[in-house]
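Remarks on the structure that follows.
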RNA sequence: UCCUCGAUAGCUCAAUGGUAGAGCAACCGGCUGUUAACCGGUAGGUUGUAGGUUCGAAUCCUACUCGAGGAGCCA
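Dropping the structure here:
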């Protein structure tokens, strides 16, 4: 009977066939310990020379690392096994004898591993990250779907910069130019006026020459947008969203977080309410700590880390200066120098995982902003229509999936948080 | 784009101007419970590329290539 390794606990006493790969082998004269993996888990198969045919003994001894195999044997409880079960092997069939495998059980450099990303994904650690990533995505979708949101897919080809500041990937589009999207947000604003509560989930592209552990040129973003939500409703939504996401990972990914040696006590503290400080208060805190920042500056990575270190859960920083935020952010009517926006800074130095804001809902002010930023008015007529036909206060946010994965998994680089990372100097494999 | 650092065996690294080495992987052998198994042996090199200094360069100098970390920008 074919069986998955993760289901073997219920098969004690039965003979099963596992199909997978030889992860490692340790041998002595009359014993082989086969470490077998099938994508669902890892189990040790014990081959005793006296108990198997000469053919099986030879196959077990000759199978190279990462050879594909079908292994048949008796499932047996064993206290020495990490998962409590082992396989007493009766038969080993080598489906494909692998060539010398380039990834060893010792440490490797990041560059070497990224060149071998297609094989690196087979490792225990990378598998755990991908499981957590999938759970995070599922948690985001389930939360929004159950909260009355409608999934709306935004276009990838766009006629212009959404935010007008960042560098976009340009592509030829039947004789004219198009750009790969850097955000679905403007389209979500249109959709929110049609369906009330909407979100998009898709890839996003930034051609900035950023070379840091927090940047990719292609990454995934979830962007909810809600009609009639003001900036404070928006923060309340983010708070529920993020705590639900972390709670789901804790509930469903225990073994994966353990494989990643993640300190889960830090994640267990991620429950609402999250602390909220204004940009102005943040500047005061940084200045008191000796940082050379002035009101009007944007924060660097070090500043964000310093701010978040005072708290044991994600930190909202709200009402940044309008001058350093995107053109579509609504200014605070009581103090137009600042926008009704917020960032969410993850704990433990992981920095900005969410950028959020209430949108400019006034036709005249938005028109002026687009002109101020030197953006082509023609391309934004449709966006201005949203302010001509029943404009309402509305808010939304964008969360970078890879940054969330990095934080929750405790990774050093966002490159590990995506199956096939695209960075400034790498678009292979 | 800027700053810093790096490139030596398949991999991870040592060798600070004087005979290029270790661990792992591979291959051969040993070992009856291994957990990155262990023990012994064999083989493995145009020291990123091009030039320069020197009796002599992996080592010092110049340029280039590729990469890493950071800055800016952002999620």
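In this note's numbering, the protein residues as written are 18 to 446.
In this text, a Cβ means the ideal position worked out from N, Cα and C, and glycines have one as well.
Counting C-beta pairs closer than 8 Å gives fewer than three between the segment 137-154 and the segment 183-195, which falls short of the contact rule. C-alpha of residue 152 to C-alpha of residue 145: approximately 11 Å in a straight line. Here residue 342 is buried: its Cβ has 16 or more other Cβ atoms, across all protein chains shown, within 10 Å. With respect to the C-alpha of residue 100, the residue from 143, 117, 54 having the closest C-alpha is 54. Straight-line spacing of the CA atoms in residue 279 and residue 125 works out to 21 Å. The segment 219-230 makes no contact with the segment 261-280, as fewer than three CB pairs between them are under 8 Å. Counting along the chain, residue 412 sits inside the beta strand (DSSP E) bounded by residues 411-417. For residue 113, the CB contacts under 8 Å within the same chain, skipping 5 residues up- and downstream, are 84, 85 in chain order. Per DSSP, residue 371 lies in no alpha helix (DSSP H) segment; the continuous beta strand (DSSP E) that holds it begins and ends at 368-375. DSSP, read as helix, strand or coil, puts residue 360 in strand. About 15 Å separates the beta carbons of residue 333 and residue 349, which is beyond the 8 Å limit, so they are not a contact pair. Using a Cβ distance threshold of 8 Å, residue 169 and residue 210 do not count as a contacting pair. A check of alpha carbon separations from residue 405 across 413, 390, 381, 422 identifies 381 as the nearest. Considering only 119, 401, 239, the residue with the shortest C-alpha distance to residue 132 is 119. Runs of beta strand (DSSP E) with 3 or more residues, each lying fully within the segment 50-90, are found at 59-65, listed in chain order. Looking only at 155, 215, 130, the smallest Cα-Cα distance to residue 165 is reached by 215. In the structure shown, the three-state DSSP call for residue 217 is strand.
Counting every other CB atom within 10 Å of its CB across the protein chains shown gives residue 383 a total of 16 or more, marking it as buried. At a cut-off of 4 residues, the continuous stretches assigned as alpha helix (DSSP H) that sit fully inside the segment 241-299 are 248-269, 271-276, 281-285.
When the alpha-carbon of residue 36 is set against those of 27, 109, 171, the nearest one is in 109. Sequence-distant Cβ neighbours of residue 98 in its own chain, meaning closer than 8 Å and more than five residues away, are 60, 61. With respect to residue 18, residue 234 sits apart: the two C-beta atoms are not nearer than 8 Å. Here the alpha carbons of residue 394 and residue 250 stand approximately 31 Å from one another. Contact between the segment 323-333 and the segment 301-315 is present: three or more C-beta pairs spanning the two stretches fall below 8 Å. Below 8 Å, too few C-beta pairs join the segment 356-371 and the segment 388-403 to call them touching: fewer than three. The continuous alpha helix (DSSP H) containing residue 152 extends over residues 141-163. Per DSSP, residue 389 lies in no beta strand (DSSP E) segment; the continuous alpha helix (DSSP H) that holds it begins and ends at 380-389. Checking the DSSP bridge columns, you'll see residue 332 partnered with 362. Shortest Cα-Cα distance from residue 375 to any of 340, 386, 347 involves 347. With contacts defined as CB atoms closer than 8 Å, residue 417 and residue 236 qualify as a contacting pair.
Residue nearest to residue 247 within the set 276, 162, 336 is 336 (criterion: CA-CA distance).
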